[in-house]
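Position one of the sequence shown corresponds to residue -3 (this note's numbering), numbered consecutively onward. Presented below is the structure to which this report refers.
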Amino acid sequence: MKKFDREFIVAEHDHRHNRIIHFANGRLIKSFSVDLPLDMDLLRNGNLLLSSNRAIIEIDKNWEEVWKLESARLAFFSCHEMRNGNILFGDASKAMILEVDRNKKVIRSFDFPYVKEPCDYLYAFRLIREVADNRILIACYSLKKLAVFDWDGKVHWECDLPGSPYMPVQLGNSNILVSLGENGKIVEINSSKEIVWEYDMVRDNQLSLGWIAGISVLENGNIVYSDSKYDRLIEITHDKGLVSIYKDRNVLLHPSTHIIL
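Here it is, written out as structure tokens:
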């Protein structure tokens, strides 16, 4: 197995570190302290958007804070820059999906329709992405499904899954690749709701059952995923061959989402 030689940014969702890190050429380049970061989005201007438990923050290329949206309650599990430059996020304290502009004005929002009781809000959804105009893809965590909504809260497509989804990625062929957390799996779903590809870290690579959070697809077709349970980044081929593993607990703990640079 080759050495993991990718340059990456990772959100460490762990009280022992509480930061995002930039790692390259075998060393830690820089870090940004933030309370339990979860999601990240590399913006068109080169800045980085990130979500933590109680804030969505934009940092510039020097990793200095330039914009911040705060909440008094544990709320933010996702953040994403929309095509129009506004920010898409989910508020888990209210089970709402929202779009805000750079003045922090709410432009559009809808109540997440799959949950009704406040006790269910925390596990209602995880990462959220805009996949087309007026179409929002949501990882419906507790119900183990993916769903696409419009801004009126109407469901346009939904698909049951063999596990709780964490991060969905729309592929170039319009299929959706999604990580399934504690199941240790990644699946690809087509528009007909069929699983057309499935990866199982135990079955396919004989790895200990971890918790697959963030996923990314590289230009060569390989996939990198974050294993939050065992504090590692793992690269595989589309044929499910194990390419490399990055693991150094002095650097990386409980990776959530990541960006391969």
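Even glycine gets a Cβ: it sits at the ideal position worked out from N, Cα and C.
Beta strand (DSSP E) segment containing residue i, residue limits
i	result
Met197	Note, Met197: premise wrong, no beta strand (DSSP E); alpha helix (DSSP H) at Met197 to Asn201.
Ser47	Leu44 to Ser47
Val6	Phe4 to Glu8
Glu154	Val151 to Asp156
Tyr221	Ile219 to Asp223
Lys181	Lys181 to Ile185
Pro161	Per DSSP, Pro161 belongs to no beta strand (DSSP E) and is neither H nor E.
Ala143	Lys141 to Phe145
Arg228	Arg228 to Ile232
Met(-3)	Segment: none, Met(-3) is in no beta strand (DSSP E) and carries neither H nor E.
Arg98	Element bounds for Arg98: n/a, residue is neither H nor E.
Phe85	Ile83 to Asp87
Leu133	Arg131 to Cys136
Ser260	The displayed coordinates of the chain run from -3 to 257. Any statement about residue 260 would go beyond what the structure contains.
Ser272	Past the boundaries of the shown model lies residue 272; the chain is included only from -3 to 257, so the question cannot be answered.
Arg125	Ile124 to Ala128
Simplified DSSP state of residue i, which is helix, strand or coil
i	result
Tyr242	strand
Pro251	strand
Pro114	helix
Beta-carbon contacts of residue i that lie in its chain and below 6 Å, excluding the five residues immediately before and after
i	result
Ser212	Val220 and Ile256
Leu249	Glu8, Asp10, Arg12, His13 and Asp227
Glu3	Ala20 and Leu257
Met78	Leu84 and Glu126
Thr263	Because the chain here runs from -3 to 257, residue 263 falls outside it and cannot be looked at.
Ile134	Phe121, Ile124 and Ala143
Contacts around residue i, its chain only, beta-carbon distance under 7 Å, and the 5 residues preceding and following it disregarded
i	result
Asp223	Gly206, Trp207, Ile208 and Ile230
Phe28	Arg15, Ile16, Ile55 and Trp59
Lys100	Leu65
Gly159	Lys140, Leu176, Gly177, Asn179 and Lys181
Cβ-based neighbour list, residue i, same chain, cut-off 8 Å, excluding 5 preceding and 5 following
i	result
Leu157	Lys140, Lys141, Leu142, Val174, Leu176, Val183 and Ile185
Leu118	Leu70 and Ala88
Val165	Arg125, Ile172, Leu173, Val174, Ile211, Ser212 and Val213
Val96	Leu65, Asn82, Ile83, Phe85, Val102 and Ile103
Pro251	Val6, Ala7, Glu8, His9, Ala209, Gly210, Ser222, Asp223, Ser224, Asp227, Arg228 and Leu229
Tyr195	Lys181, Ile182, Val183, Ile219, Ile232 and Lys236
Ala68	Arg50
Beta-carbon proximity of residue i to residue j, cut-off 8 Å
i	j	result
Phe72	Ser48	yes
Trp63	Arg98	yes
Met(-3)	Leu238	yes
Tyr162	Cys136	no
Ser132	Val144	It should be noted that the sequence gives Ile, not Ser, for residue 132. Yes, they are a contact pair.
Lys128	Phe108	For clarity, residue 128 is Ala in the given sequence; the question names Lys instead. For Ala128 and Phe108, no; Cβs fall outside 8 Å.
Gly35	Leu46	Sequence inspection shows Asp at residue 35; the Gly mentioned does not correspond to that position. Taking 8 Å as the Cβ cut-off, Asp35 and Leu46 qualify as a contacting pair.
Asp148	Phe121	no
Lys26	Ser240	no
Lys112	Cys155	no
Cys75	Asp116	no
Glu61	Ile52	no
Asn169	Asp146	no
Leu24	Val247	yes
Contact with chain C by residue i, beta-carbon distance below 8 Å
i	result
Met92	The question asks about chain C, but that chain is absent: this structure has only one protein chain.
Every unbroken beta strand (DSSP E) inside the segment 8 to 79 [3 residues or more]: 15 to 20, 23 to 29, 35 to 38, 44 to 47, 51 to 55 and 61 to 66
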